[in-house]
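These protein sequence lines are chains A and B, in that order.
With my numbering applied, the first sequence corresponds to residues 850 to 1164, in that order.
With my numbering applied, the second sequence corresponds to residues 850 to 1164, in that order.
Note that the Cβ used here is the ideal one computed from N, Cα and C, for glycine as well.
Number of protein chains: 2
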Amino acid sequence: MKVTFKDIQQAHQRIAPHIHRTPILQSQLLNRMMDCELFFKAENLQKIGAFKARGACNAVFSMDKSSLQKGVVTHSSGNHGAALAWAASLRGAPCTVVMPNNAPQVKRDAVAGYGASIELCEPNMPAREEAVTRLIQQQGYSLVHPYDADLIIAGQGTAAIELLEQVESEVDVVMAPVGGGGLISGTGIAVKAMSKALVFGAEPEQAKDAWLGMQRGERLAEYSPNTIADGLRATVGARNFAVMRETVDDILLCSEERIVEAMRLIWTRLKVIVEPSCAVPLAAIMDQPEQFKGKRVAIILTGGNVDLDRLPWIG
Amino acid sequence: MKVTFKDIQQAHQRIAPHIHRTPILQSQLLNRMMDCELFFKAENLQKIGAFKARGACNAVFSMDKSSLQKGVVTHSSGNHGAALAWAASLRGAPCTVVMPNNAPQVKRDAVAGYGASIELCEPNMPAREEAVTRLIQQQGYSLVHPYDADLIIAGQGTAAIELLEQVESEVDVVMAPVGGGGLISGTGIAVKAMSKALVFGAEPEQAKDAWLGMQRGERLAEYSPNTIADGLRATVGARNFAVMRETVDDILLCSEERIVEAMRLIWTRLKVIVEPSCAVPLAAIMDQPEQFKGKRVAIILTGGNVDLDRLPWIG
C-alpha cells in the first residue's frame, strides 16, 4: 500500500491552517428512528462546500514553486474543480479546469469565482482526458487528479482523523460514500490505523461499480452509472481500489428512492444542506438496518453543493 | 434591569449539559460580497432546531420538583412549543402546548414527538391566552412564557456567551433578529457585559414594532405584522423592551425581498437550512451596507425549522 497513515497525518498538518475543522452533528430523533447512535462529520460545511478541499489543498501545498508557477490542471464537472481552483488561488498558482460544455452555469461560476480558467470540451471522458493531456503537453501544467493520486487520498483521509478525535469514545463503524474512491480509501487507511471500527463504503445500487469490483476481486474499468447521486458517478480508480481491498470491510448498497428519503431526513433533522451523494450511507442503513442496531456509526457528509431551484422532492 | 449577566452565566452552567455548543460558520465568499467579516452562530443546529431550546431548558431546570410534577404550559405556534416540550421531557414533567387550530401538521408533530399534549384553540391571541389561563387555574400548570420572562431572557442570552468565546478576537457588532425580544434582550445583557461591541436588532420593515417602540420610547402593545419571517410576528414583550432600551444600540430594518435573498444566500454559501427569520440580520446588512464596511459582525442564526416542500424561491 503506498499511502500510509503517516502521509495522512502529514497532510493534516499541511492543510489544517487552510481548511475548516468541521463539526460533528447529531440528532436524537434520527438516532431513535435508526435505532443506532449516529455521528455526522459535516464536510458539507468545509471550504468550497465539500471534503474535496482537503485533497486539493494537500496536492497544491505539496508542490514545488516552479511547478506551481507553471500551473495546475484537472477535469471535473463537480466539486474537485472548485476545490483545485480554491487551493491554487491560495498559492497564487494558475489553474485550468476542463469542464464538459454542458456543465451547469452554477458550477462554472464556482470555478471562475476562485479565479481559475475554464476550458470547455465535449461531454465525454475521452474528450476530457484529451483536453487535459494537451494542456499538460502544451503549457507544462501539473495534473491534479480528482481521486486516483496519493496526495489526494492522503488529503481526503484527514477528515477521518478529525472525526475520530471529535467523537470522544470509540465508534463501531465509519461510513463514507464511494465515487472515484478518494475519500473511502483515505478514510480506510486512517480508521484502520486509529481504531478497531469497521469501514463501510456506500454506493447507489445504480452506481455499484465498487461493489461489483470488490465481489469479483477486480476493478471495473468501465461502468455506466445512473444515479441521482451525481458525485458518485465516477468509476473507482486503480490506486483507490487497491487501498479499498485492504481497508474496507464491506460496501453497502441503497436504492434511488432511499437516497432522496435520506437526503430529506438529513435536511429536516440536521438542518444542513447535503447533496444526494451525502445521503447514500444513511440510505444504506435504512435499507439494511439490522446490522446497525445499537451501534455507534460515524458518517462523513461529503458535500452541500445543490441546485436549490431543483429539489428532488419538489415536483 | 432585572436579569443580570450573572443570571445568564448561571443559566449557561445549568443548561450546558443538555444543549449543543453550536459552531460558528464563516464563508470567505460571503465576506467578500458583504465587504465585512461575518461570524454566524449556528443556533439552527441547536436542539429542536432553534435557540429556543436554551430559554425553555433554563426555565424547566430552574423549577422545583412539585411544580414540575404538576406540569408546564405555554402557547406557541412555533419553536418555543417544541422547545418546552423537549425540555419538559428531559425532566419527566407533563407539558401542554396551546396551539392555534390552523397550526401546520409538521409543527403539531414536533410538539407531540417530544411527548407533550396539544390543546387546540381558535387562531387568535385572546383565545390562546384564555386557554392557557384556564389550564393554569384548572390543572395547576406553571406558565413558561415564550419571551416575556426572566428565566427565558437569561437562557437565550447564553448563545451570546458562547459566541463571544468562540470568536477569539473582538467583534464590532453583534446582531440578532427581534420577534418577542427574548433573544435580543438576553444577547444585549451578555454582550454589554463581555465586550465593547455594538448590539443591533434586526426587524422586517413589515414587522417593525420594536423599531417603532424604540423611536417613540414606548413599547407598542398592539401591532399587526405581515412578514414571511414567521418567527418574528410576535410583539415585543414588556420586560424585553425595557432591557432593549438599556442594551440595544440600534434596530435595523429590511425589506421582504431582501429576506428571501439573504435566506437563499445563507443556504447557498453556509450550506445550512435557516428559517426566513434567521436571514433578517443579513438582509438588514444588505439593505444598509455602508456602516458594516470592514467591520467584524457576529450574527445569531436563530432556527432552521422550515417546510421543505415550500421554499420561497420556488414558485
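With a CB to CB cut of under 7 Å and the five nearest residues on each side skipped, what residues in its chain are close to A:Gln-1055? Walking along the first sequence from the start, residue 1055 of chain A turns up at place 206. Correct list, in chain order: Pro-1074, Asn-1075, Thr-1076, Glu-1105.
Compare the C-beta of B:Arg-983 against all C-beta atoms of chain A and say whether one is closer than 8 Å. Taking the second sequence and counting its residues from 1, one reaches residue 983 of chain B at position 134. Chain A has no Cβ within less than 8 Å of the Cβ of B:Arg-983.
A:Ala-1025 lies in the beta strand (DSSP E); which residues open and close that run? Indexing the first sequence from 1 puts residue 1025 of chain A at position 176. Residues 1022-1026.
On a CA-only basis, which of A:Leu-1102, A:Leu-1069, A:Leu-1013, A:Val-1022 is nearest A:Ala-1051? Give me that one, please. The residue you call residue 1051 of chain A lines up with position 202 of the first sequence. For the residues A:Leu-1102, A:Leu-1069, A:Leu-1013, A:Val-1022, the minimum Cα distance to A:Ala-1051 belongs to A:Leu-1102.
Check the Cβ-Cβ distances between A:Val-1109 and every residue of chain B, and say whether any is below 8 Å. Here residue 1109 of chain A refers to the residue found at position 260 when the first sequence is read from its first residue. So no, A:Val-1109 is outside the interface.
Using the C-alpha atoms, what's the distance from A:Phe-1090 back to A:Gly-1172? Residue 1172 of chain A lies beyond the stretch modelled for chain A, which goes from 850 to 1164, so this question has no answer here.
CB of A:Ile-857 within 8 Å of CB of A:Gln-1015, strictly: Here residue 857 of chain A is taken as the residue at index 8 of the first sequence, counted from 1. Here residue 1015 of chain A is taken as the residue at index 166 of the first sequence, counted from 1. The criterion of a C-beta distance shorter than 8 Å is not satisfied by A:Ile-857 and A:Gln-1015.
When A:Lys-851, A:Leu-1160, A:Leu-969, A:Phe-900 are compared against A:Ser-926, the one with the closest alpha-carbon: Sequence index remark: in the first sequence, residue 926 of chain A carries index 77 (1-based). Ranking A:Lys-851, A:Leu-1160, A:Leu-969, A:Phe-900 by Cα distance to A:Ser-926 puts A:Leu-969 first.
Using a C-beta to C-beta distance shorter than 9 Å, which residues of chain A count as neighbours of B:Val-946? Counted from its first residue, the second sequence places residue 946 of chain B at position 97. Neighbours of B:Val-946 on chain A: none; closest Cβ ~17 Å, over 9 Å.
Given this structure, state the Cα-to-Cα distance separating A:Ser-1018 from A:Val-1155, to the nearest angstrom. Residue mapping note: residue 1018 of chain A aligns to position 169 of the first sequence, counting from 1. Residue mapping note: residue 1155 of chain A aligns to position 306 of the first sequence, counting from 1. Spanning the two alpha carbons is a distance of roughly 33 Å.
Determine the extent of the beta strand (DSSP E) in which B:Ser-966 is found, giving its start and end residues. As a working note, residue 966 of chain B is residue 117 in the second sequence. Per DSSP, B:Ser-966 belongs to the beta strand (DSSP E) from 966-970.
For B:Pro-872, the three-state DSSP class (helix, strand or coil): Translated into positions along the second sequence, residue 872 of chain B becomes position 23. Coil, per DSSP.
Cβ separation of B:Gly-920 and B:Ser-938, assumed to be a contact under 8 Å, to the nearest whole Å: Within the second sequence, residue 920 of chain B is the residue found at index 71, counting from 1. Within the second sequence, residue 938 of chain B is the residue found at index 89, counting from 1. Contact doesn't hold; Cβ gap of about 12 Å is too wide.
Contact check, A:Gly-1031 vs A:Ile-1002, beta carbons under 8 Å: Translated into the one-based positions of the first sequence, residue 1031 of chain A becomes position 182. Translated into the one-based positions of the first sequence, residue 1002 of chain A becomes position 153. Yes, Cβ-Cβ distance for A:Gly-1031 and A:Ile-1002 is below 8 Å.
Where B:Lys-851 and B:Asp-999 are concerned, what is the direct C-alpha to C-alpha distance, given to the nearest angstrom? For the purposes of this step, residue 851 of chain B is taken as residue 2 along the second sequence, with counting starting at 1. For the purposes of this step, residue 999 of chain B is taken as residue 150 along the second sequence, with counting starting at 1. Going from the Cα of B:Lys-851 to the Cα of B:Asp-999 covers about 7 Å.
If we count Cβ pairs, one from each stretch, closer than 8 Å, do we get three or more for the stretch 1111-1127 of chain A versus the stretch 892-907 of chain A? Yes, the stretch 1111-1127 of chain A touches the stretch 892-907 of chain A.
The beta strand (DSSP E) with B:Gly-1050 in it runs from where to where? Here the question's residue 1050 of chain B lines up with position 201 in the second sequence. Residues 1047-1053.
With a cut-off of 8 Å, does the C-beta of B:Asn-880 fall near any C-beta of chain A? Counting from one through the second sequence, the residue named residue 880 of chain B turns up at place 31. Taking Cβ atoms only, chain A never reaches closer than 8 Å to B:Asn-880, which makes this a no.
So, does the stretch 1144-1151 of chain A touch the stretch 976-992 of chain B, judging by three or more C-beta pairs under 8 Å? no
In the DSSP output, what is B:Ala-891 paired with across the bridge? Mapped onto the second sequence, residue 891 of chain B falls at position 42. Residue pairing by DSSP places B:Ala-891 opposite B:Leu-1150 in a beta bridge.
Label B:Gln-1005 either buried or exposed according to how many other C-beta atoms from any shown protein chain fall within 10 Å of its C-beta, with 16 as the threshold for buried. Along the second sequence, read from residue 1 onward, the residue named residue 1005 of chain B stands at position 156. Flag for B:Gln-1005 reads buried.
Establish whether the CB of B:Arg-940 and some CB of chain A are separated by less than 8 Å. Along the second sequence, read from residue 1 onward, the residue named residue 940 of chain B stands at position 91. For B:Arg-940, the answer is no, since every Cβ of chain A falls outside 8 Å of its Cβ.
Take B:Val-1027 as the anchor and find which of B:Leu-992, B:Lys-956, B:Pro-1130 has the nearest alpha-carbon. Locating residue 1027 of chain B in the second sequence gives position 178, counting from the first residue. The option with the nearest alpha carbon to B:Val-1027 is B:Pro-1130.
Residues of chain B with CB under 7 Å from A:Gly-1153, in chain order? Counting from one through the first sequence, the residue named residue 1153 of chain A turns up at place 304. Within chain B, the residues near A:Gly-1153 are Lys-1120.
The alpha helix (DSSP H) that contains A:Pro-975, what's its start and end? Here the question's residue 975 of chain A lines up with position 126 in the first sequence. Segment 974-988, the alpha helix (DSSP H) holding A:Pro-975.
8 Å Cβ cutoff met for A:Thr-1096 and A:Lys-1057: For the purposes of this step, residue 1096 of chain A is taken as the residue at position 247 of the first sequence. For the purposes of this step, residue 1057 of chain A is taken as the residue at position 208 of the first sequence. Remark: C-beta atoms of A:Thr-1096 and A:Lys-1057 do not approach each other more closely than 8 Å.
With 8 Å as the threshold, decide whether the Cβ of A:Pro-1138 is near any Cβ in chain B. As a position in the first sequence, residue 1138 of chain A is number 289, starting the count at 1. No, its Cβ sits nowhere closer than 8 Å to a Cβ of chain B.
Straight-line Cα distance separating B:Ala-1025 from B:Ala-884: In the second sequence, residue 884 of chain B corresponds to position 35, counting from 1. In the second sequence, residue 1025 of chain B corresponds to position 176, counting from 1. Going by the sequence as given, residue 884 of chain B is Asp instead of Ala. Rounded to the nearest angstrom, the two C-alpha atoms are 19 Å apart.
According to the Cβ coordinates, are A:Gly-1086 and A:Gly-1029 closer than 8 Å? Residue mapping note: residue 1086 of chain A aligns to position 237 of the first sequence, counting from 1. Residue mapping note: residue 1029 of chain A aligns to position 180 of the first sequence, counting from 1. Taking 8 Å as the cut-off, the Cβ atoms of A:Gly-1086 and A:Gly-1029 count as close.
Starting from the beta carbon of B:Trp-1162, find every residue of chain A whose beta carbon is closer than 8 Å, and list them in chain order. Within the second sequence, residue 1162 of chain B is the residue found at index 313, counting from 1. Neighbours of B:Trp-1162 on chain A, chain order: Leu-1157, Asp-1158.
Could you give the DSSP three-state label for A:Ala-899: helix, strand or coil? Locating residue 899 of chain A in the first sequence gives position 50, where the first residue counts as 1. Strand.
Local Cβ density within 10 Å of B:Ile-1163, reported as buried at 16 or more and exposed below that: The residue labelled residue 1163 of chain B in the question sits at position 314 within the second sequence. Exposed.
In the DSSP output, which residue or residues are listed as bridge partners for B:Ser-1104? One-based indexing of the second sequence puts residue 1104 of chain B at position 255. Answer by DSSP bridge pairing: none, since B:Ser-1104 is not bridged.
Taking only three categories from DSSP, how would you classify A:Cys-944? Along the first sequence, read from residue 1 onward, the residue named residue 944 of chain A stands at position 95. Of the three classes helix, strand and coil, the one that applies to A:Cys-944 here is strand, per DSSP.
Quick test of your reading: A:Phe-854 and A:Ala-1039, contact by CB under 8 Å. State the CB separation rounded to the nearest angstrom. Counting from 1 along the first sequence, the entry for residue 854 of chain A is found at position 5. Counting from 1 along the first sequence, the entry for residue 1039 of chain A is found at position 190. The pair is a contact, with the Cβ atoms about 6 Å apart (cut-off 8 Å).
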